[in-house]
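Written out below as structure tokens is the structure these notes cover.
Residue numbers (the UniProt record's numbering), protein chains in the order written: chain A, 1 to 421; chain B, 1 to 253.
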């Protein structure tokens, strides 16, 4: 390996860090004789950066040279910053050596676009192909598909990568056009479709032949930048829901806009990335994926934006006091899941254990239910009746926001400094 | 008060269960062999650890419990918490005394406690799988020192054996002074004669492979470069990456 590898690594990690997706979950892969590594289905984080994001994969760019000039991107053509390019062998060796030391779970490979989409995609495919075929590497590989790349290259990538992703970046096409005039939604949705087709075809093949090759077994993901343009939360979450309806879409990531090119007049002036809003969007996303909520229950014409002070589940509950209180000893799982302060795990525990006897407030606490919130929305044997209906949603809201962490309030004031020029 | 003395091994505990059912007396307290009796002892019994007795109890448990619940009992034992043996004893008694399966009855305090404690141990097991950092020694052995709160080293060996099948490695618990060595074929338990090989949790530099320092440096540089400075959040960072693990983690040194 050459000596300037340290410099390259710094530059290309720096350039890749704004891509949020980093999960290593969704598929299992066994080690093979003479091979290195395996993949655990649940995903493993190996470290956490000082900003609190997990490091699971070596998230790196092949090159940060780019022919495009997107306003929100640090690597845009017109930025004057150090540029570097990894050779295929350098990147492969780095991945293997990091993996052997248990630093990482695998590789997340993205790249700036050089010459044209196909030229770039071809080099990326060579990295993942070498890892799998020459090095017999069975760790996780997530590869970014380049918008505009041709179908056969996307297809080849899917044979080696566990997950493929194409970023939407901006939820509304018109806004994307404003910030990235050279891009459009078609060039994003096209490769997404190729990936989906590949996943479905391989699934069908594998039902007939057990050893048919797998295609991106962990499916695909995408990312939207939040707060760079003026979409409301309803628009964002509707886009996510539409994406989740597609069979291969596993995750939508929300990336709070970090003003990396503050000189660009098309971008909003922010003191801080919209961290609370980003967090609320993830909570809403979880409600859709694991709590059986429909998007219009979370946001609708009447409430187009998520409440920054309280989480979306509590917010929904306070708008629907007529659904409460829920009797934890009798109610259906789906209804228990809707109680603020009760998560998927504790809801399941409640349902399995109540066959043995009555559940009390004390048991709930030990099961991990957040009673501070839940107490207003449930009844069980010995709890004093303080239901949301008797003391009013406004009062519950006030009690929960007054005492609950002053730090969330501090964030809210930062959040309000968002203004569009 | 009925007191049982036993040798504080898991096999000993299972033997105690066997003897209790045989004698039809159940201990109010479980003590080590050398431990001194409290006042007012009605009955005092010393358990002799016997492999066949322990195996019979374990087999009977496996019949009545899911493998998941059996694992939980092992996890609770490895927590090494003071009252964990009493808790396991109570749990096993409840299993044997009930006609129906009790493992999902979380309304029962002992059963909920077993579950919660097993979950804590499991959490640290997963963190070990995540946070173990190997350093390559000159003789091509990858070495990783650890010192977890709970004794979860035996629980992570299978993971590393499957994953790093083509490299020799040692994972060593410095706190409890034992470790496991994988020689490309089998894993064996071992104890090092001297701990001077890794002053302060780091492999002695004289013993490092030639390019080990370089990869450590590269990893540190990567860790630093990948942080977004506008979003730094030290509180969250410590919550996700507890300080007690830092001394063995290359990127935090």
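For each residue, glycine too, the CB sits at the ideal point set by N, CA and C. Here the structure is a predicted model, which is why all the values come from computation and not from measurement.
Exposure of residue i, with buried meaning 16 or more beta-carbon neighbours within 10 Å
i                      : result
residue 204 of chain B : exposed
residue 214 of chain A : buried
residue 68 of chain B  : exposed
residue 58 of chain A  : buried
residue 220 of chain A : buried
residue 388 of chain A : buried
residue 162 of chain A : buried
residue 373 of chain A : buried
residue 137 of chain B : buried
residue 184 of chain B : exposed
residue 284 of chain A : buried
residue 406 of chain A : Per-residue confidence for residue 406 of chain A stands at a pLDDT of 48, beneath the threshold of 50, marking its modelled position as unreliable; no derived number is given.
residue 232 of chain B : exposed
residue 395 of chain A : exposed
residue 102 of chain A : buried
residue 275 of chain A : buried
residue 32 of chain B  : exposed
Separation of residue j from residue i, as counted between CA atoms
i                      : j                      : result
residue 218 of chain A : residue 26 of chain A  : 5 Å
residue 411 of chain A : residue 181 of chain B : Confidence is the limiting factor: at residue 411 of chain A the pLDDT is only 44, short of 50, which leaves the residue's position unreliable and the question unanswerable from this model.
residue 127 of chain B : residue 247 of chain B : 14 Å
residue 171 of chain B : residue 208 of chain B : 16 Å
residue 129 of chain A : residue 160 of chain A : 6 Å
residue 124 of chain B : residue 210 of chain B : 32 Å
residue 200 of chain A : residue 141 of chain B : 43 Å
residue 17 of chain B  : residue 37 of chain B  : 20 Å
residue 303 of chain A : residue 316 of chain A : 10 Å
residue 13 of chain B  : residue 336 of chain A : 40 Å
residue 308 of chain A : residue 81 of chain A  : 36 Å
residue 339 of chain A : residue 36 of chain A  : 45 Å
residue 294 of chain A : residue 288 of chain A : 6 Å
residue 334 of chain A : residue 292 of chain A : 8 Å
residue 416 of chain A : residue 256 of chain A : Since pLDDT at residue 416 of chain A reaches only 40, below the 50 mark, its modelled position is unreliable, and no value is offered.
residue 324 of chain A : residue 375 of chain A : 11 Å
residue 173 of chain B : residue 145 of chain B : 6 Å
residue 29 of chain A  : residue 38 of chain A  : 5 Å
residue 186 of chain A : residue 270 of chain A : 30 Å
residue 348 of chain A : residue 392 of chain A : 29 Å
Beta-carbon proximity check, residue i vs residue j, cutoff 8 Å
i                      : j                      : result
residue 277 of chain A : residue 226 of chain A : yes
residue 300 of chain A : residue 231 of chain A : no
residue 138 of chain A : residue 31 of chain A  : yes
residue 118 of chain B : residue 150 of chain B : no
residue 172 of chain A : residue 188 of chain A : no
residue 11 of chain B  : residue 54 of chain B  : yes
residue 342 of chain A : residue 397 of chain A : no
residue 86 of chain A  : residue 12 of chain A  : yes
residue 239 of chain A : residue 107 of chain B : no
residue 190 of chain B : residue 200 of chain B : no
residue 240 of chain B : residue 48 of chain A  : yes
residue 44 of chain B  : residue 88 of chain B  : no
residue 198 of chain A : residue 158 of chain A : yes
residue 266 of chain A : residue 121 of chain A : no
residue 134 of chain A : residue 65 of chain A  : no
residue 353 of chain A : residue 105 of chain B : yes
residue 111 of chain B : residue 61 of chain B  : no
Proximity to residue i [Cα-Cα], best of the options
i                      : options                       : result
residue 252 of chain B : B:232, B:230, B:169 and B:216 : B:216
residue 84 of chain B  : B:120, B:96 and B:49          : B:120
residue 135 of chain B : B:243, B:21, B:197 and B:1    : B:197
residue 156 of chain B : B:45, B:220, B:3 and B:78     : B:78
residue 273 of chain A : A:205, A:163, A:378 and A:229 : A:229
residue 167 of chain B : B:187, B:176, B:175 and B:153 : B:187
residue 193 of chain A : A:181, A:245, A:205 and A:206 : A:245
residue 47 of chain B  : B:28, B:116, B:65 and B:15    : B:15
residue 115 of chain B : A:150, A:305 and A:368        : A:368
residue 181 of chain A : A:293, A:71 and A:284         : A:71
residue 6 of chain A   : A:151, A:94 and A:321         : A:94
residue 74 of chain A  : A:15, A:124 and A:56          : A:15
residue 276 of chain B : B:129, B:24 and B:218         : Residue 276 of chain B cannot be examined here, being either before or after the span of chain B that is shown, 1 to 253.
residue 155 of chain A : A:105, A:216 and A:132        : A:216
Assumed close pair residue i, residue j - CB separation to whole angstroms, cut-off 8 Å
i                      : j                      : result
residue 43 of chain A  : residue 23 of chain A  : 5 Å
residue 19 of chain A  : residue 223 of chain A : 7 Å
residue 1 of chain B   : residue 26 of chain B  : About 11 Å separates the two Cβ atoms, so there is no contact after all.
residue 183 of chain A : residue 68 of chain A  : 7 Å
residue 123 of chain A : residue 62 of chain A  : 6 Å
Cβ-heavy atom distance, residue i to the ligand FMN, below 7 Å
i                      : result
residue 188 of chain A : Inclusion of the ligand FMN in the displayed structure is not the case, the ligand content being empty and no account of it being possible.
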